[in-house]
Structures are given as structure tokens and as C-alpha cells.
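Undergrad:
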Amino acid sequence: MFDIDTNIPKWVYEHHERWDGKGYPQGLKGEEIEREARILKVADTIDAMISERSYKKQMDLKEAILELKSCKGKDFDPYIADIAIEILSEKLNASKQIIDEIMLPANIMIRSGSKINSLNGFVYKEKKDIVFISTKPVDDFEEELIDSIKLAVEKFNILYEYKIKTTIIDTNKLLINEIQPVESEVAFGLLWTLEGNLVNTTTRQTNVITITKISGEGLVFNFEDEEYIDEKGIYVVIVRFEDGTNVPLSGRIIGKTKINKLTHYVFKFVDVREKYRDEVFRQIFRKQISYKKMLNE
761 MFDIDTNIPK WVYEHHERWD GKGYPQGLKG EEIEREARIL KVADTIDAMI
811 SERSYKKQMD LKEAILELKS CKGKDFDPYI ADIAIEILSE KLNASKQIID
861 EIMLPANIMI RSGSKINSLN GFVYKEKKDI VFISTKPVDD FEEELIDSIK
911 LAVEKFNILY EYKIKTTIID TNKLLINEIQ PVESEVAFGL LWTLEGNLVN
961 TTTRQTNVIT ITKISGEGLV FNFEDEEYID EKGIYVVIVR FEDGTNVPLS
1011 GRIIGKTKIN KLTHYVFKFV DVREKYRDEV FRQIFRKQIS YKKMLNE
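Numbering (our numbering), first residue to last: 761 to 1057.
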């Protein structure tokens, strides 16, 4: 049922090797290391850097870029490291590219202690300012009591999330003073529209879904059915990649954002077999490399 490359164990075995030959277990050097293992090494390192762990805080994208630059040609294949650096650099400018003069469907979530205020509306640029128009009046709030404010923007059915600071300038109008992309465990994910299935492991019920973003730690999906989803359940998402590979990924839903009639779900992988996670990394990096080749042609 699932078509997984039989070379994956070899790539996993070699992904601790270093470009300069000082790695393990065989001390391979340069192109003696399988290309997929070199890709996996960079992807695995980035995932570790920008994800929070029990023993460390996550790095921001600038720190991850500096680390890649300092280690390329030593730990990493310099060509693959340069591609990764370019991808991360593009993410730093994401907010400037998404929000423009066209009104985009959006949601603002204001969290204060256990209280959450959710506002649906639209976001757009007004000269140099970024403005959010709410579909309902906005209650006044005291900034010092706010824990966090997040903005979710929908463009072509893809969800983009930001941390923001705002000021109320009218009964239903907010001025966004500061904005930065949310760097979560799905931060290194690729915006990639793929088909898939969501399978409830208890009831075996299956829904056809559209995946819009995928990383080594999780993915984001949506579907048009208004059917109830048990957010406490354990699911398997079967991702159908463009080359025909089907990869089963177990996990749980850790968040959702509804903008207009479309609900976007954040799905975090749990107890995913290593070979399936490595296949996801391989697919992501191959897709990124193919994008760069197309842009350079």
C-alpha cells in the first residue's frame, strides 16, 4: 500500500557523515556520501535548530541561517546548505510578500489568560500601514493584560500565521504595528498543495483532505466538509506525493483556524516511524531543489 524507497535505511545510516570526512560511522567524505543522506543531514539539523525541545529553546531563523553558513563545507554539502539558506532567508521576508493592497480573509486571536477573543475579518495594506477590518465591533483591551495576539491570513486556501501587536483605531478597525511570521515546529515546512486522507484510528472513518504545508514535524490541512472532527483523537494522515509515493503519518490535531467557511487544521506528528519521517524530508528537499532549478532556467 505504501511505496517507500528501499534505500532509506542507507541514507539514514549515512546522514551522520560530514562533508569534510570527520563524521561517522564510516568517515565518508564529500560525494562519497549519498546525495539523499546529505540532504537529510541538512534537513534534520534545521529541524533540530528551529524546533523547541525539552533541553533547549528553538533558534530563530536568523540564528539557523548563521549556523548553516558557519558549518557549510565542513558538516554540510555547501550546495545543499546554500539552497537551505536561501529558503530560510525567503521566509524572513514572507510577511512583506503575502499582505498587499488586496483585502485577504483573516482572523485575529487575542489571548489573555484563559480568555480567547477571536475576530474574523480582512487584512490589507493602506499605504505603508497594515490594517485589519473586523466583521464585528472590537472590544477595547488593555495591552499589559494581553498574553499574545496572532494573525492568520488566508491566501489561495493556504494559511499564513503571524505574531502581531495592534492598536484599535476604530470600532472595527485595528492598526498592526508589529508583525513577524510564527516560527513553530512547522516553520521549515514547504507550502505545497497535496492530496491526502485523514483516517480516524478508532472509527476508521476517512476524509479526503487538502494538505497545504508539510514539514518533518507536522502539516497543515483543510477540507470543505462541515463534518465534526474529534480533535482529541489519534489520526493517520496518508500523504500522496507527486511522484506517487504514499506516506502514512500518525499524529494529532493541535490547533485549528476557521476563516470564512474553510477550517485549517494543524497536525503534529506523533510516533511516526523514522523511515516515513525521512521520506518526508527527502520529498521536501527534492521539491525545493526542483523549484530552484526552475527559477534558474
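Positions of the beta carbon are idealized from the N, C-alpha and C atoms, including for glycine. Everything numeric in this text was worked out from a predicted model, so none of it was measured.
Rounded to whole angstroms, how far is the Cβ of Lys896 from the Cβ of Asn932, which I believe are closer than 8 angstroms?
TA: 7 angstroms between Cβ atoms; contact.
Undergrad: In chain order, which continuous runs of the beta strand (DSSP E) of length 3 or greater are located wholly inside the stretch 915-955?
TA: Complete beta strand (DSSP E) runs here, min 3: 918-930 and 933-941.
Undergrad: By the three-class DSSP mapping on this structure, what secondary structure does Ser975 have?
TA: DSSP places Ser975 in coil when its eight states are reduced to three.
Undergrad: Using only alpha-carbon positions, find the residue among Ile974, Arg1012, Lys992 and Ile936 that is nearest to Phe1045.
TA: Closest by alpha carbon: Ile974.
Undergrad: Quick check on the DSSP output: what are the complete beta strand (DSSP E) runs of length 3 or more inside the stretch 769-814, in order along the chain?
TA: You should have found no qualifying run.
Undergrad: Counting along the chain, where does the alpha helix (DSSP H) carrying Ser830 start and finish?
TA: Its alpha helix (DSSP H) spans residues Leu821 to Cys831.
Undergrad: Considering only residues of the stretch 861-894, which uninterrupted beta strand (DSSP E) runs meet the minimum length of 3 residues and lie entirely inside it, listed in chain order?
TA: Listed in chain order, they are 864-872, 875-886 and 889-894.
Undergrad: Any heavy atom of the ligand SAM closer than 8 angstroms to the Cβ of Gly783?
TA: Inclusion of the ligand SAM in the displayed structure is not the case, the ligand content being empty and no account of it being possible.
Undergrad: Please report the distance separating the alpha-carbon of Glu914 from that of Pro865.
TA: Using only the alpha carbons, I get a separation of about 6 angstroms.
Undergrad: Report the start-end ranges of each beta strand (DSSP E) in the stretch 988-1022 that is 3 residues or longer and not cut off at the edges.
TA: 995-1000 and 1006-1019, all fully within the stretch 988-1022.
Undergrad: Suppose you measure from the CA of Met863 to the CA of Leu954; what does that come to, to the nearest Å?
TA: Their backbone Cα atoms lie some 26 angstroms apart in a straight line.
Undergrad: Starting from Lys1028, follow its DSSP beta bridges and name the residues at the other end.
TA: According to DSSP, which records beta bridges pairwise, Lys1028 is partnered with Gly978 and Arg1012.
Undergrad: Leaving out five residues before and five after Lys789 in sequence, what residues of the same chain have Cβ atoms less than 6 angstroms from its Cβ?
TA: Here the set comprises Gly781.
Undergrad: Could you round the C-beta distance between Ile969 and Phe983 to whole angstroms and report it? I think they count as a contact, below 8 angstroms.
TA: Their Cβ separation, rounded to whole angstroms, is 5 angstroms, which keeps Ile969 and Phe983 in contact under 8 angstroms.
Undergrad: Under the rule that 16 or more other beta-carbon atoms within 10 Å means buried, what is Arg778, buried or exposed?
TA: Answer is buried; the Cβ neighbour count reaches 16.
Undergrad: So, are the CB atoms of Lys1028 and Glu991 less than 9 angstroms apart?
TA: Result no, Cβ atoms of Lys1028 and Glu991 do not sit closer than 9 angstroms.
Undergrad: With H, G and I counted as helix, E and B as strand and the rest as coil, what does DSSP make of Lys910?
TA: Here Lys910 sits in strand by DSSP.
Undergrad: Less than 7 angstroms between C-beta atoms, sequence neighbours within five positions excluded: which residues of the same chain meet that for Ile890?
TA: Taken in chain order, the residues that qualify are Ile859, Val883, Ile936 and Ile939.
Undergrad: Please determine, among Arg1012, Leu821, Asn1020 and Gly956, the residue with the shortest C-alpha to C-alpha distance to Asn880.
TA: Nearest option by C-alpha distance: Asn1020.
Undergrad: Identify, in the order they occur along the chain, each residue of the same chain with its Cβ nearer than 6 angstroms to the Cβ of Lys1016, setting aside the five sequence neighbours on each side.
TA: Taken in chain order, the residues that qualify are Thr1023 and Tyr1025.
Undergrad: Could you tell me whether the Cβ atoms of Ala797 and Glu774 are closer together than 9 angstroms?
TA: It is a contact, given that the beta carbons lie within the stated cut-off.
Undergrad: Would you kindly work out how many angstroms separate the C-alpha atoms of Met869 and Lys888, rounded to a whole number?
TA: For Met869 and Lys888, the distance between alpha carbons rounds to 23 angstroms.
Undergrad: Measure the C-alpha to C-alpha separation of Ala947 and Val980 and round it to an integer number of angstroms.
TA: Any reading at Ala947 must be qualified, since the residue scores a pLDDT of 46, below 50, and its modelled position is unreliable; no value is offered.
Undergrad: Exposed or buried, what is Leu934 when buried is set at 16 or more other beta-carbons lying within 10 Å of its beta-carbon?
TA: Buried is the call here.
Undergrad: How big is the Cα-Cα spacing for Gly783 and Ile876?
TA: Taking the straight line from one Cα to the other gives about 49 angstroms.
Undergrad: What does the Cβ neighbour count give for Glu746, buried or exposed, with the cut at 16 atoms within 10 Å?
TA: No statement about residue 746 is possible, as the shown extent of the chain runs from 761 to 1057 and does not include it.
Undergrad: Note down, in chain order, each residue of its chain lying with its Cβ closer than 8 angstroms to the Cβ of Val1032, except the 5 sequence neighbours on either side.
TA: So the list reads Leu1009, Ser1010 and Gly1011, once near-sequence residues are dropped.
Undergrad: Could you check the C-alpha separation between Trp771 and Phe1041 for me, to the nearest Å?
TA: Near 11 angstroms, if we compare the C-alpha coordinates of Phe1041 and Trp771.
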